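Everything in the sequence shown is counted per our numbering, starting at 23 for the first residue and increasing by one. Virtual Cβ for every residue (Gly too), placed ideally from N, Cα, C. Bear in mind the structure is a predicted one, so any value in this text is a computation, not a measurement. Please read the structure below before turning to the comments.
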Amino acid sequence: MAVTVALAGNPNVGKSTVFNVLTGLRQHTGNWTGKTVGPARGRWTLEGETYEAVDLPGVYSLEGGTPEERVAADYLDANRPDVLVVILDATALERTLALALELRPRHPRLVICLNLMDEAERLGLRIDCDALSAAFDAPVVPTRADRKKSVEALRRVIAVAAMAGPARQASDQSADGAGAPMQMASDLAKTVTLSQPRSRRDWDRLLLGKWTAWPTVLLLLFATFYLTVRGANLPSALLERGLDRLGARLSVLLAGASPTVRGLLLDGIYGTTAKVVAVMLPPMAIFFPLFSLLEDLGFLPRAALLLDRPFAACGSCGRQGLCMCMGCGCNAVGVTGCRIIPNEKERLAAILTNALVPCNGRFPSLILLAGILLGRSGSLSALATAGVLTACMVLSGAVTLAVTALLRKTLLRGRDGTFILELPPFRRPRLGQILVRSVLDRTLKVLGRAVTVAAPAGALIWLLGRLQVGGEPMLAVLARGMDPFAALLGLTGTLLLAFVLSFPANELLLPLALLIAGTGEAALPALLAVGGAPARTALCAALFTMFHWPCSTTVLTVWHETKRAKWTLCSILLPTAVGMLLCAIVNTVFRILS
């Protein structure tokens, strides 16, 4: 039987990173709080013994009522781990010691992991580990979360603790009531800290002050989009050329096959998959590392803090802003992250509005549509496209706030919750980890999902294109049938059909539209000009790309989180209604002015 090891600690002390190094897993980590909502499990083996680690959510205490605190307390009450590892932040001992003092009386086999020692040393902090160990009557292991060597020492100390008999339980530590751990933490921190930290520049005051906060956020978003657009043009062209050559070679290899088989494999499956890869891979390969860089710096929790005031005015809090930032990567992840919101009505509002934020699967389509709308000539085009994408994010935030306010005053009326957020320090980005995480955990994972869906979707669309109804291809009949309704939204039947067929994954939208129209990416402007007003169609298509039903994965996630068909259906209809309303307004304005 495996030795069970529970990892506990405050948010943002590097707990999930320690868990990853201990177990060899790649649980997603970041320089912001609220990453772990439910326990994660992993294993490792040392000298023939198997150890199972449980990464508990980050909490400040087990006495509160937040979802994280309930999960951690319930686990520790129902499952007594063989060893409890409490992870402390060496740069913030007074704050992180309180939880350790609360847990000490409950668990005899305790190990203290004094993490982030590299940051403490840069600040000039020296900590007496022997004195800390004596105070807890437990071993203390100083670690650097991303260094395997220091975590290896932690593995060995855990092994020794697991074999040892129960240590003395300091039950007297809890006798003074709930406030005792915090009173004791202050005194103990002063006792074991041998030097005061050096003063450091207050970047929050410099960059996120009253007059600099929102300009800084918008500038960072603009720079991220500009680098993505500017950097993706050449790789996208080269990749498309390479995939075309590969398609030509496959055509030679399949020369002896029947026309039906050749068409299904080459035009259907390979053609759709190649278009998805060419459209998605270059922007994602640039956008995800940049987004991960901002995350590692500590940008996301600061964005959530800035969003707290506008969300509070709408009856929510900054935690929803944090989930909204998560939705920029993936709406399904953003919906799951809503577990960090303890207020049920606020959590539902955050779940239902998360799809109003464009996820990574929609960014490639938005980039192409913005480029067509503005032209594609040189750096000025990239600047303009980045400006449009930044405006899209601002619009997305404004719509999210408006819909949240509407929900909190109607369907989800109730008492407002509270919001406490600990701002992590600005940290030096770990470039190697950023590249690995952004390429393996994000780019290739999302691309793999899109390709998995694209292959059968391509086969289906090819078959629908060959299936004749009244002498016409089924695709043409379906697209023409949608034309009248699509025209009300400033779209074409082909585009609306592509939106419907891309329900499994947003990444398929434009590749499917091109496949339905039987054209290549170079003919995308002509596809948008079918309605007679390419600028209007491109703008409406961009708006509907931002605001329409979420992908199938997100819908299933909403069902999993709410277990209610009513809220799952609402999560589909709400963003779709917003998109249709905005497209109808823009279309009407264009028609009046033309």
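query: Residue span of the alpha helix (DSSP H) that contains LEU505, given as start and end; result: Here the sequence assigns Asp to residue 505, which means Leu is not the residue at that position. Residues 496–510.
query: Residues that DSSP places opposite ARG63 in a beta bridge; result: VAL76
query: Beta-carbon proximity list for THR412, same chain, < 8 Å, skipping 5 on both sides; result: LEU240, LEU243, PHE244 and PHE247
query: Cβ contact (3+ pairs, closer than 8 Å) linking the stretch 277–288 and the stretch 511–529; result: no
query: Nearest candidate by alpha-carbon position, reference VAL25, set THR39, THR67 and LYS37; result: THR67
query: Candidates ILE308, ALA142, LEU106 and ARG144: closest to ARG126 by CA position; result: LEU106
query: Own chain residues within Cβ distance below 7 Å of ALA481, not counting five before or after; result: LEU286, GLY290 and ILE291
query: VAL461 to CYS352 span [Cα, whole Å]; result: 15 Å
query: Own chain, CB closer than 6 Å to ALA181, minus 5 neighbours either side, in chain order; result: LEU68
query: ILE607: first and last residue of the uninterrupted alpha helix (DSSP H) it sits in; result: 587–615
query: Assigned exposure category for THR474 - 16 Cβ within 10 Å defines buried; result: exposed
query: Contact set for VAL499: own chain, Cβ-Cβ below 6 Å, skip 5 residues either direction; result: VAL491
query: Residue range of the beta strand (DSSP E) that includes LEU29; result: 25–31
query: DSSP bridge partner residues for ILE109 (one or two, in chain order); result: GLY31 and CYS135
query: Check whether ASP96 and LEU29 have beta carbons under 8 Å apart; result: no
query: Per-residue DSSP class, three states only, for PRO380; result: coil
query: Unbroken alpha helix (DSSP H) run spanning VAL355, endpoints; result: 353–359
query: Secondary structure of TRP537, DSSP reduced to three states; result: One point to set straight first is that residue 537 is Leu, not Trp, in the sequence displayed. Note: LEU537 maps to helix in three-state DSSP.
query: Nearest-angstrom Cα separation, counted from ILE456 out to LEU312; result: 9 Å
query: GLY146 versus ASP140 - alpha carbon distance; result: 10 Å
query: Candidates LEU136, ARG252, THR234 and ALA156: closest to ARG148 by CA position; result: LEU136
query: DSSP-derived helix/strand/coil call for GLY52; result: For GLY52, the pLDDT reaches just 49, beneath the cut-off of 50, and the residue's location in the model is therefore unreliable, although a value from the coordinates is still provided. Reduced to three states, the DSSP call for GLY52 is coil.
query: For GLU85, the three-state DSSP class (helix, strand or coil); result: coil
query: Exposure of ILE308, with buried meaning 16 or more beta-carbon neighbours within 10 Å; result: buried
query: Beta-carbon spacing of LEU378, VAL421 below 8 Å; result: yes
query: Pair within 8 Å by beta-carbon distance, ALA75 and VAL27; result: yes
query: Candidates PHE566, ASP111 and GLU368: closest to MET602 by CA position; result: PHE566
query: Spatially closest choice to ARG177 from LYS467, VAL40 and VAL600, by CA coordinates; result: VAL40
query: Beta carbon of PRO597 nearer than 8 Å to that of TRP571; result: yes
query: Exposure of LEU510, with buried meaning 16 or more beta-carbon neighbours within 10 Å; result: exposed
query: Three-state secondary structure assigned by DSSP to LEU68; result: strand
query: MET415 classed as buried or exposed, judged by whether at least 16 other C-beta atoms fall within 10 angstroms; result: buried
query: Whole-angstrom distance between LEU303 and ASN382, CA atom to CA atom; result: 11 Å
query: Beta-carbon proximity of CYS635 to ALA235, cut-off 8 Å; result: Residue 635 lies beyond the range of the chain shown here (23 to 616); nothing can be said about it.
query: Beta carbon of ALA160 nearer than 8 Å to that of LEU115; result: no
query: Span separating the alpha-carbon of ARG384 from that of ARG452; result: 27 Å
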